[in-house]
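In this note's numbering, the protein residues as written are -19 to 296. Below is one structure, written out as C-alpha coordinates; comments come after it.
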(Lines of atoms letter the chains of each structure in order from A and count residues from 1; the text may use other names and numbers.)
(Lines give C-alpha, C1' and ligand atoms only; values in the text may rest on other atoms or scores of the structure.)
Protein backbone atom coordinates (compact mmCIF):
# COMPACT_ATOMS: atom_id res chain seq x y z
CA UNK A 1 0.00 0.00 0.00
CA UNK A 2 1.25 3.48 -0.91
CA UNK A 3 2.41 5.64 2.02
CA UNK A 4 1.44 9.30 2.20
CA UNK A 5 3.44 11.44 4.62
CA UNK A 6 1.58 14.44 6.03
CA UNK A 7 4.11 17.24 6.59
CA UNK A 8 1.96 19.70 8.57
CA UNK A 9 -1.14 19.73 10.78
CA UNK A 10 -4.01 21.12 8.64
CA UNK A 11 -7.21 22.54 10.11
CA UNK A 12 -10.74 21.23 9.62
CA UNK A 13 -11.04 22.72 6.13
CA UNK A 14 -8.92 19.80 4.89
CA UNK A 15 -10.66 17.03 6.82
CA UNK A 16 -12.28 15.56 3.68
CA UNK A 17 -8.90 14.95 2.04
CA UNK A 18 -7.27 13.52 5.14
CA UNK A 19 -10.17 11.09 5.34
CA UNK A 20 -9.72 10.13 1.68
CA UNK A 21 -5.97 9.63 2.04
CA UNK A 22 -6.56 7.44 5.08
CA UNK A 23 -9.07 5.29 3.20
CA UNK A 24 -6.85 4.72 0.15
CA UNK A 25 -3.29 4.84 1.48
CA UNK A 26 -1.13 4.33 4.54
CA UNK A 27 -0.97 7.75 6.20
CA UNK A 28 1.84 8.88 8.50
CA UNK A 29 2.53 12.23 10.15
CA UNK A 30 6.06 13.52 9.64
CA UNK A 31 6.35 17.17 10.64
CA UNK A 32 8.60 19.12 8.28
CA UNK A 33 10.01 22.14 10.10
CA UNK A 34 10.01 24.20 6.91
CA UNK A 35 6.20 23.99 6.95
CA UNK A 36 5.52 24.72 10.64
CA UNK A 37 3.91 28.06 9.79
CA UNK A 38 1.21 26.16 7.90
CA UNK A 39 0.00 24.28 10.97
CA UNK A 40 -3.72 24.76 11.63
CA UNK A 41 -4.11 26.40 8.24
CA UNK A 42 -6.48 25.30 5.43
CA UNK A 43 -3.73 23.42 3.58
CA UNK A 44 -2.40 19.86 3.61
CA UNK A 45 1.25 19.50 2.67
CA UNK A 46 2.10 15.90 1.87
CA UNK A 47 4.78 13.70 0.34
CA UNK A 48 4.37 10.62 -1.86
CA UNK A 49 7.62 8.91 -2.85
CA UNK A 50 9.92 11.79 -3.81
CA UNK A 51 7.20 14.30 -4.71
CA UNK A 52 5.70 16.96 -2.43
CA UNK A 53 2.18 18.23 -2.98
CA UNK A 54 -0.14 20.71 -1.35
CA UNK A 55 -3.93 20.85 -1.17
CA UNK A 56 -5.07 24.44 -0.73
CA UNK A 57 -8.62 24.65 0.60
CA UNK A 58 -8.47 28.27 1.66
CA UNK A 59 -11.79 30.12 1.79
CA UNK A 60 -11.73 33.07 1.08
CA UNK A 61 -9.50 32.14 -1.83
CA UNK A 62 -5.80 32.82 -1.29
CA UNK A 63 -2.82 31.85 -3.43
CA UNK A 64 0.46 31.25 -1.62
CA UNK A 65 3.25 31.78 -4.14
CA UNK A 66 5.96 30.89 -1.64
CA UNK A 67 4.34 27.53 -0.93
CA UNK A 68 3.76 26.97 -4.65
CA UNK A 69 7.50 27.40 -5.27
CA UNK A 70 8.35 24.66 -2.74
CA UNK A 71 6.17 21.84 -4.06
CA UNK A 72 5.77 19.66 -7.16
CA UNK A 73 1.98 19.90 -7.39
CA UNK A 74 -0.32 22.61 -6.04
CA UNK A 75 -3.91 21.32 -5.83
CA UNK A 76 -6.65 23.88 -5.21
CA UNK A 77 -10.34 23.60 -4.45
CA UNK A 78 -10.89 26.99 -6.07
CA UNK A 79 -8.88 27.37 -9.28
CA UNK A 80 -10.19 30.80 -10.20
CA UNK A 81 -10.70 31.24 -13.93
CA UNK A 82 -9.87 34.95 -14.02
CA UNK A 83 -6.84 34.95 -11.70
CA UNK A 84 -3.39 34.70 -13.32
CA UNK A 85 -1.75 33.09 -10.27
CA UNK A 86 -3.96 30.02 -10.67
CA UNK A 87 -2.91 29.57 -14.31
CA UNK A 88 0.63 28.51 -13.37
CA UNK A 89 1.82 25.10 -14.52
CA UNK A 90 1.80 23.23 -11.20
CA UNK A 91 -1.72 24.35 -10.20
CA UNK A 92 -4.24 21.51 -10.43
CA UNK A 93 -8.02 21.83 -9.87
CA UNK A 94 -9.89 19.66 -7.40
CA UNK A 95 -13.49 18.51 -7.25
CA UNK A 96 -15.97 19.92 -4.69
CA UNK A 97 -15.65 18.74 -1.09
CA UNK A 98 -16.92 19.70 2.38
CA UNK A 99 -15.48 19.56 5.92
CA UNK A 100 -16.39 16.46 7.92
CA UNK A 101 -15.88 15.07 11.42
CA UNK A 102 -12.60 13.09 11.45
CA UNK A 103 -11.94 13.51 15.16
CA UNK A 104 -10.67 9.94 15.84
CA UNK A 105 -8.34 10.07 12.81
CA UNK A 106 -7.16 13.58 13.70
CA UNK A 107 -6.20 12.53 17.25
CA UNK A 108 -4.61 9.25 16.18
CA UNK A 109 -2.64 10.66 13.24
CA UNK A 110 -1.19 13.79 14.84
CA UNK A 111 -1.16 12.47 18.41
CA UNK A 112 1.42 14.21 20.64
CA UNK A 113 2.20 16.57 17.76
CA UNK A 114 -1.06 18.39 18.51
CA UNK A 115 0.29 19.44 21.92
CA UNK A 116 3.76 20.13 20.55
CA UNK A 117 2.78 22.32 17.61
CA UNK A 118 -0.61 23.85 18.51
CA UNK A 119 -1.50 26.20 21.34
CA UNK A 120 -4.04 24.73 23.80
CA UNK A 121 -6.71 27.26 22.87
CA UNK A 122 -6.19 26.63 19.14
CA UNK A 123 -6.39 22.88 19.63
CA UNK A 124 -9.53 23.12 21.78
CA UNK A 125 -11.27 25.18 19.11
CA UNK A 126 -10.26 22.75 16.37
CA UNK A 127 -11.56 19.75 18.34
CA UNK A 128 -14.84 21.57 18.99
CA UNK A 129 -15.33 22.39 15.29
CA UNK A 130 -14.50 18.87 14.12
CA UNK A 131 -16.91 17.35 16.63
CA UNK A 132 -19.75 19.53 15.34
CA UNK A 133 -19.23 18.60 11.69
CA UNK A 134 -21.24 15.64 10.32
CA UNK A 135 -19.35 12.40 9.78
CA UNK A 136 -18.84 11.43 6.17
CA UNK A 137 -21.66 9.36 4.78
CA UNK A 138 -22.16 8.20 1.21
CA UNK A 139 -25.90 8.77 0.98
CA UNK A 140 -28.15 6.34 -0.82
CA UNK A 141 -29.69 7.63 -4.03
CA UNK A 142 -33.09 9.11 -3.22
CA UNK A 143 -34.46 11.69 -5.65
CA UNK A 144 -38.12 11.66 -4.61
CA UNK A 145 -38.74 14.82 -2.57
CA UNK A 146 -41.73 16.69 -1.21
CA UNK A 147 -42.18 20.31 -2.32
CA UNK A 148 -40.01 21.48 0.57
CA UNK A 149 -37.06 23.88 0.45
CA UNK A 150 -34.53 24.41 3.21
CA UNK A 151 -32.09 27.26 2.72
CA UNK A 152 -30.18 29.33 5.24
CA UNK A 153 -27.09 31.46 4.80
CA UNK A 154 -24.93 34.22 6.22
CA UNK A 155 -25.00 37.81 4.98
CA UNK A 156 -21.54 38.59 3.63
CA UNK A 157 -20.19 42.10 4.00
CA UNK A 158 -18.17 42.11 0.76
CA UNK A 159 -20.38 39.96 -1.48
CA UNK A 160 -23.44 42.05 -2.42
CA UNK A 161 -24.14 40.02 -5.58
CA UNK A 162 -24.21 36.73 -3.68
CA UNK A 163 -26.34 38.27 -0.93
CA UNK A 164 -28.85 39.47 -3.51
CA UNK A 165 -29.05 36.08 -5.25
CA UNK A 166 -29.68 34.34 -1.95
CA UNK A 167 -32.23 36.92 -0.80
CA UNK A 168 -34.19 36.61 -4.05
CA UNK A 169 -34.18 32.81 -3.73
CA UNK A 170 -35.54 33.03 -0.17
CA UNK A 171 -38.19 35.55 -1.23
CA UNK A 172 -39.27 33.40 -4.14
CA UNK A 173 -39.55 30.23 -2.06
CA UNK A 174 -41.53 32.01 0.65
CA UNK A 175 -44.09 33.41 -1.79
CA UNK A 176 -44.59 30.34 -4.01
CA UNK A 177 -47.74 28.68 -2.59
CA UNK A 178 -46.61 25.28 -3.89
CA UNK A 179 -43.56 25.25 -1.61
CA UNK A 180 -43.05 24.75 2.10
CA UNK A 181 -39.99 26.79 3.02
CA UNK A 182 -37.75 26.78 6.08
CA UNK A 183 -34.74 29.01 6.64
CA UNK A 184 -33.64 32.54 5.83
CA UNK A 185 -30.63 34.77 6.41
CA UNK A 186 -28.79 34.50 9.72
CA UNK A 187 -28.72 37.97 11.34
CA UNK A 188 -25.21 39.46 11.49
CA UNK A 189 -23.57 39.80 14.89
CA UNK A 190 -22.78 43.48 14.21
CA UNK A 191 -26.48 44.22 13.62
CA UNK A 192 -25.97 45.41 10.04
CA UNK A 193 -28.21 43.17 7.97
CA UNK A 194 -27.92 45.28 4.81
CA UNK A 195 -31.68 45.84 4.50
CA UNK A 196 -32.46 42.13 4.27
CA UNK A 197 -34.81 42.23 7.27
CA UNK A 198 -37.67 40.68 5.27
CA UNK A 199 -35.70 37.46 4.75
CA UNK A 200 -34.08 37.07 8.18
CA UNK A 201 -34.45 33.91 10.22
CA UNK A 202 -34.23 33.88 14.01
CA UNK A 203 -32.91 30.33 14.08
CA UNK A 204 -29.37 28.97 13.67
CA UNK A 205 -28.79 25.43 12.46
CA UNK A 206 -25.84 23.35 13.70
CA UNK A 207 -23.97 21.59 10.86
CA UNK A 208 -25.57 18.20 11.56
CA UNK A 209 -29.11 19.66 11.58
CA UNK A 210 -28.28 21.63 8.44
CA UNK A 211 -27.27 18.42 6.65
CA UNK A 212 -30.37 16.56 7.81
CA UNK A 213 -32.75 19.29 6.59
CA UNK A 214 -30.85 19.72 3.32
CA UNK A 215 -31.52 16.11 2.35
CA UNK A 216 -35.25 16.91 2.20
CA UNK A 217 -34.99 19.83 -0.25
CA UNK A 218 -36.64 19.64 -3.64
CA UNK A 219 -34.10 22.11 -5.06
CA UNK A 220 -30.71 23.14 -3.70
CA UNK A 221 -29.26 26.52 -4.65
CA UNK A 222 -25.56 26.75 -5.48
CA UNK A 223 -23.93 30.13 -5.97
CA UNK A 224 -20.35 31.33 -5.78
CA UNK A 225 -19.03 31.83 -2.25
CA UNK A 226 -16.61 34.57 -1.13
CA UNK A 227 -14.35 35.82 -3.95
CA UNK A 228 -15.82 33.28 -6.37
CA UNK A 229 -15.02 30.13 -4.37
CA UNK A 230 -17.19 27.05 -4.74
CA UNK A 231 -19.57 26.57 -1.84
CA UNK A 232 -18.97 23.71 0.61
CA UNK A 233 -22.64 22.93 0.17
CA UNK A 234 -22.28 21.80 -3.44
CA UNK A 235 -20.53 18.49 -2.77
CA UNK A 236 -22.90 17.68 0.06
CA UNK A 237 -25.93 18.48 -2.11
CA UNK A 238 -24.63 16.18 -4.85
CA UNK A 239 -23.93 13.44 -2.32
CA UNK A 240 -27.50 13.74 -1.07
CA UNK A 241 -28.82 13.35 -4.66
CA UNK A 242 -30.45 16.78 -4.68
CA UNK A 243 -31.47 18.72 -7.77
CA UNK A 244 -28.81 21.44 -7.86
CA UNK A 245 -29.79 24.81 -9.28
CA UNK A 246 -26.60 26.76 -9.93
CA UNK A 247 -25.28 30.06 -11.15
CA UNK A 248 -22.20 29.76 -13.42
CA UNK A 249 -18.95 28.68 -11.78
CA UNK A 250 -16.05 31.08 -11.35
CA UNK A 251 -13.59 28.24 -10.92
CA UNK A 252 -12.15 25.51 -13.13
CA UNK A 253 -13.14 21.92 -12.38
CA UNK A 254 -11.28 18.79 -13.53
CA UNK A 255 -14.55 17.61 -15.15
CA UNK A 256 -17.25 20.14 -16.01
CA UNK A 257 -20.92 19.83 -15.16
CA UNK A 258 -23.47 19.68 -18.00
CA UNK A 259 -26.59 21.85 -17.98
CA UNK A 260 -29.85 19.89 -17.54
CA UNK A 261 -27.86 16.67 -17.22
CA UNK A 262 -26.21 16.71 -13.77
CA UNK A 263 -26.90 20.33 -12.78
CA UNK A 264 -29.28 23.09 -13.83
CA UNK A 265 -27.64 26.41 -14.69
CA UNK A 266 -29.34 29.80 -14.69
CA UNK A 267 -27.97 33.30 -15.28
CA UNK A 268 -30.39 35.46 -13.28
CA UNK A 269 -32.81 35.28 -10.37
CA UNK A 270 -35.78 35.96 -12.63
CA UNK A 271 -35.46 32.36 -13.81
CA UNK A 272 -36.41 30.85 -10.43
CA UNK A 273 -40.07 30.46 -11.42
CA UNK A 274 -39.15 28.75 -14.70
CA UNK A 275 -37.05 26.20 -12.82
CA UNK A 276 -39.67 25.46 -10.18
CA UNK A 277 -42.37 25.10 -12.81
CA UNK A 278 -40.18 22.51 -14.52
CA UNK A 279 -39.24 20.45 -11.48
CA UNK A 280 -42.76 20.43 -10.04
CA UNK A 281 -44.63 19.80 -13.31
CA UNK A 282 -42.04 17.47 -14.88
CA UNK A 283 -40.77 14.97 -12.30
CA UNK A 284 -38.59 13.26 -14.92
CA UNK A 285 -36.42 16.38 -15.30
CA UNK A 286 -35.99 16.61 -11.54
CA UNK A 287 -35.13 12.92 -11.30
CA UNK A 288 -32.62 13.01 -14.18
CA UNK A 289 -30.64 15.98 -12.88
CA UNK A 290 -30.63 14.68 -9.30
CA UNK A 291 -29.58 11.15 -10.29
CA UNK A 292 -26.84 12.33 -12.64
CA UNK A 293 -25.59 14.79 -10.04
CA UNK A 294 -25.24 11.91 -7.60
CA UNK A 295 -23.42 9.94 -10.30
CA UNK A 296 -21.00 12.84 -10.77
CA UNK A 297 -20.33 12.85 -7.04
CA UNK A 298 -19.83 9.07 -6.86
CA UNK A 299 -17.44 9.07 -9.81
CA UNK A 300 -15.37 12.15 -8.96
CA UNK A 301 -16.07 13.69 -5.56
CA UNK A 302 -15.97 10.98 -2.88
CA UNK A 303 -12.95 11.21 -0.56
CA UNK A 304 -11.58 7.97 -2.04
CA UNK A 305 -12.06 9.13 -5.66
CA UNK A 306 -10.30 12.40 -4.94
CA UNK A 307 -7.39 10.67 -3.20
CA UNK A 308 -6.91 8.49 -6.30
CA UNK A 309 -7.21 11.50 -8.59
CA UNK A 310 -4.53 13.38 -6.63
CA UNK A 311 -2.09 10.47 -6.78
CA UNK A 312 -2.70 9.93 -10.49
CA UNK A 313 -2.34 13.63 -11.31
CA UNK A 314 0.89 14.00 -9.33
CA UNK A 315 2.65 11.26 -11.30
CA UNK A 316 1.28 11.91 -14.80
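No residue lacks a Cβ here, since even glycine has one placed at the ideal position from N, Cα and C. For clarity, every value in this text was computed on a predicted model and none was experimentally measured.
{"Query": "Have a look at residue 3 and residue 63 and give me their C-alpha separation to the nearest angstrom.", "Result": "33 Å"}
{"Query": "DSSP three-state label for residue -17, please.", "Result": "strand"}
{"Query": "Expressed to the nearest angstrom, what Euclidean distance is found between the alpha-carbon atoms of residue 128 and residue 223?", "Result": "12 Å"}
{"Query": "Can you give the beta carbon distance from residue -7 to residue 82, rounded, assuming they're within the 8 Å contact cut?", "Result": "Not really, about 12 Å apart at Cβ, beyond 8 Å."}
{"Query": "With DSSP as the reference, label residue 232 as helix, strand or coil.", "Result": "strand"}
{"Query": "Hey, would you say residue 125 sits closer than 8 Å to residue 196, going by beta carbons?", "Result": "yes"}
{"Query": "Mapping DSSP to helix, strand and coil, what is residue 55?", "Result": "strand"}
{"Query": "Leaving aside the five residues before and after residue 239 along the sequence, list all residues of the same chain whose C-beta is less than 6 Å from its C-beta, in chain order.", "Result": "245"}
{"Query": "Among the candidates 130, 158, 138 and 167, whose CA atom is the shortest distance from the CA of residue 150?", "Result": "130"}
{"Query": "Considering only residues of the same chain and omitting the five flanking positions on each side of residue 162, which have a CB-CB separation below 6 Å?", "Result": "130"}
{"Query": "May I have the straight-line CA-CA distance separating residue 259 from residue 199, to the nearest angstrom?", "Result": "8 Å"}
{"Query": "For chain D, is any of its Cβ atoms less than 8 Å away from the one on residue 194?", "Result": "Of the protein chains in the structure, only one exists, and it is not chain D."}
{"Query": "Looking only at its own chain, which residues have a Cβ that is under 7 Å from the Cβ of residue 232, when we skip the five neighbours before and after it?", "Result": "59, 61 and 73"}
{"Query": "Could you give the DSSP three-state label for residue 201: helix, strand or coil?", "Result": "strand"}
{"Query": "Nearest CA to the CA of residue 46: which residue from 221, 65 and 133?", "Result": "65"}
{"Query": "Measuring alpha carbon to alpha carbon, tell me which residue in 138, 194, 159 and 202 is nearest residue 253.", "Result": "159"}
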